[in-house]
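Report on the structure given below.
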Amino acid sequence: MDAQADILRRLREYESRNVTYLDPRGGWPVVWERVQGVHVWDVTGKRYLDLTAAFGVAAAGHSNRAVVKAGQKQMSQLLHAMGDVHPHARKAELVEALSRVTFERWGVGRGKTLLGSSGFEAVEAALKTAILFTQKRGVVVFEGAYHGLGYGALNATHRPYFRNPFESQLREFGHFVEFPQTSADLTKVEFQIRHYFRRERIGSILVEPIQARAGCRIPPQGFLPLLRKLCNEEGVLLILDEIYTGFGRTGKWFACEHQGVAPDIICLGKALTGGFPMSACVGRADIMDAAWPESTGEALHTSTFLGHPVGCAMALAQIQQLEELRLPERSAALGEYLAMELAEMAARVEYFHAEGRALGLMGGFQLMLPTGEPATRAVLEIIKKLLHHGFIFLPEGEAGNVVSITPPLIIPDADLAKAMEMLATLVRETSE
Ligand SMILES: Cc1ncc(COP(=O)(O)O)c(C=O)c1O
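For the sequence shown, the positions run 6 to 437 when this note's numbering is used.
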């Protein structure tokens with residue numbers, strides 16, 4: 006048995022069978038061995054171009070040298086500190102840096118941060134902040150939303166696939182409204198939100214500025230300003246989940262900047278560290294101070310690894326890399342090419358009804374069958390073939406019929422072009 010087959014066999018025998026999808030026909034997944042920049046090598050030595058940045062994490066490139074160096078140095082000096090008890094210098098530097106790149110850049114005061122490990126924890130910290138601040142339990146959330154899978158965040162995640170098995174234990178404080186696709190939808194969305202404002206005790210609106218896992222759904226201009234206006238009118242907090250869209254992914258530091266709106270709280274994760282599990286809930290300082298009482302010795306919200314020194318050191322280096330390499334600007338420039346390429350590709354597709362969309366280096370290519378059904382099987386087949394040809398892509402969307410494109414922001418122009426050409430070829434072959 007070769008190395009890859011042996012590893013997959015062990016996973017099948019000892020890992021929860023719900024975790025790793027093993028295609029019974031073979032060819033999926035591949036076992037990663039090492040990474041550098043935009044490339045991944047599997048255990049057989051085969052090299053791949055990564056168009057996912059591994060869920061958007063490797064924004065400054067996989068194993069970015071400065072980030073790895075910062076992590077290694079920190080690891081040898083102080084591997085672990087004491088979360089909410091005895092802190093360390095990197096944590097102070099990071100919360101200051103997070104304030105600088107968010108609320109201070111937007112010119113709305115300072116930010117104060119609660120650090121966590123996974124994205125869903127940042128969302129849950131934001132939800133706790135909102136109930137402490139407003140004393141209102143209800144949260145307006147959006148159809149198609151993905152905010153993570155912890156029991157708190159799951160209330161705000163829309164997809165029945167994730168919720169149904171646990172529905173009986175969910176608290177049901179999320180009220181779902183439509184996620185707008187065009188400006189014509191905005192009136193309907195406003196009507197639905199006002200309905201919940203009247204009927205429920207709503208303390209916050211939680212929203213992704215672009216729905217990433219729903220298949221790169223980009224709302225119309227005017228959407229975030231509308232939410233901002235409704236929140237201001239009712240004293241409701243606007244929480245933006247920028248766990249996927251943050252740190253340059255969409256061509257700005259944060260996607261909310263495309264619509265000129267500053268939130269009350271922003272949730273960050275993924276690209277924050279470039280590869281260490283860390284997340285952040287950053288709120289406007291006055292709101293955070295009003296919501297959270299000063300600690301008298303026992304924090305209300307903490308965890309063993311809160312503010313992990315290695316994560317903090319890596320996040321600081323990652324933020325510096327994003328700044329020095331001007332990666333949000335690079336993402337914007339390459340994003341124009343990506344949007345054009347996807348639109349042209351969609352226009353050339355004959356059998357399927359195709360739609361391409363992108364903002365910065367967050368793109369999606371959606372395929373529907375002539376019957377109007379999502380082309381789920383075809384998209385999976387295309388992604389598997391892409392893998393075979395040395396390109397890593399992921400399917401997204403509720404029906405898995407969107408090819409998601411979120412490469413490291415350092416991807417060379419020629420590599421992106423090569424990947425788009427291969428995608429176009431395989432879409433064409435699959436239509437024939
Ligand atoms: C917008 C958004 N929020 C929250 C999460 C959850 O993050 P994590 O998987 O780190 O808990 C994700 C993960 O994909 C996400 O895309």
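Even for Gly, the Cβ is constructed at its ideal location relative to N, Cα and C.
Item, Value
"Residues that K74 bridges to, as DSSP identifies them", "Bridge partners of K74: none, in fact."
"R222: CB within 7 Å of a non-hydrogen atom of ligand 1", "no"
"Any non-hydrogen atom of ligand 1 within 7 Å of D291 CB", "no"
"Meets three-Cβ-pair contact criterion under 8 Å: the segment 324 to 336 and the segment 251 to 260", "yes"
"Residues near S188 by beta carbon distance below 8 Å, same chain, minus five either side", "P225, Q226 and G227"
"Beta-carbon contacts of L235 that lie in its chain and below 8 Å, excluding the five residues immediately before and after", "E195, I198, R199, F202, I210 and V241"
"Touching by the beta-carbon criterion (3+ pairs, under 8 Å), the segment 101 to 110 and the segment 158 to 173", "no"
"Unbroken alpha helix (DSSP H) run spanning E239, endpoints", "F228 to E239"
"Closer than 7 Å: I271 CB and nearest ligand 1 heavy atom", "no"
"CB-CB length for A351 against V72, believed under 8 Å", "Incorrect: roughly 35 Å between the Cβ atoms, too far for contact."
"Cross-strand partners of K117 (DSSP beta bridge)", "G288"
"Check: Y166 C-beta below 7 Å from any heavy atom of ligand 1", "no"
"Minimum C-alpha distance to F108 - residue among G288, G88 and G279", "G288"
"Identified DSSP bridge partners for P400", "V408"
"Contact belief for A470 with V146 at Cβ below 8 Å, rounded distance in angstroms", "Because residue 470 is not part of the residues shown, which for the chain are 6 to 437, the question remains open."
"Extent of the continuous alpha helix (DSSP H) run through V315", "P314 to E329"
"Check whether P314 and G66 have beta carbons under 8 Å apart", "no"
"Closer than 7 Å: R30 CB and nearest ligand 1 heavy atom", "no"
"Buried versus exposed call for V128 [16 or more other C-beta atoms within 10 Å across all chains shown]", "buried"
"8 Å Cβ cutoff met for L372 and F396", "no"
"Option in G265, A217, M427 and F138 with minimal Cα separation from G149", "A217"
"Given F525 as reference, the closest of G32, V212, L392 and A424 once Cα atoms are compared", "Nothing can be reported for residue 525, as the shown portion of the chain is limited to 6 through 437."
"Delimiting residues of the alpha helix (DSSP H) encompassing I215", "Segment: none, I215 is in no alpha helix (DSSP H) and carries neither H nor E."
"heavy atom of ligand 1 below 7 Å from H85 C-beta", "no"
"Simplified DSSP state of G340, which is helix, strand or coil", "helix"
"Contacts around S122, its chain only, beta-carbon distance under 7 Å, and the 5 residues preceding and following it disregarded", "P282, M283, S284, S308 and F310"
"Neighbour-count burial assignment, M87, 16 or more Cβ in a 10 Å radius", "exposed"
"CA-to-CA distance, H93 to V407, given in whole angstroms", "43 Å"
"Paired residues, beta bridge with Y53 - DSSP", "V45"
"The alpha helix (DSSP H) enclosing G61, as first and last residue numbers", "A58 to G61"
"G124 beta carbon near ligand 1 (any heavy atom closer than 7 Å)", "yes"
"Strand pairing of M367, partner residues [DSSP]", "L364"
"Residues near A63 in its chain [Cβ-Cβ closer than 8 Å; skip 5 each side]", "V40, D55, N69, A276, G279, G280 and P413"
"Selection from I292, E355, V266 and H306 that minimises the alpha carbon distance to W111", "V266"
"Alpha carbon of E386 to alpha carbon of S436, nearest angstrom", "11 Å"
"Collapsed DSSP secondary structure at G208 in the structure displayed", "strand"
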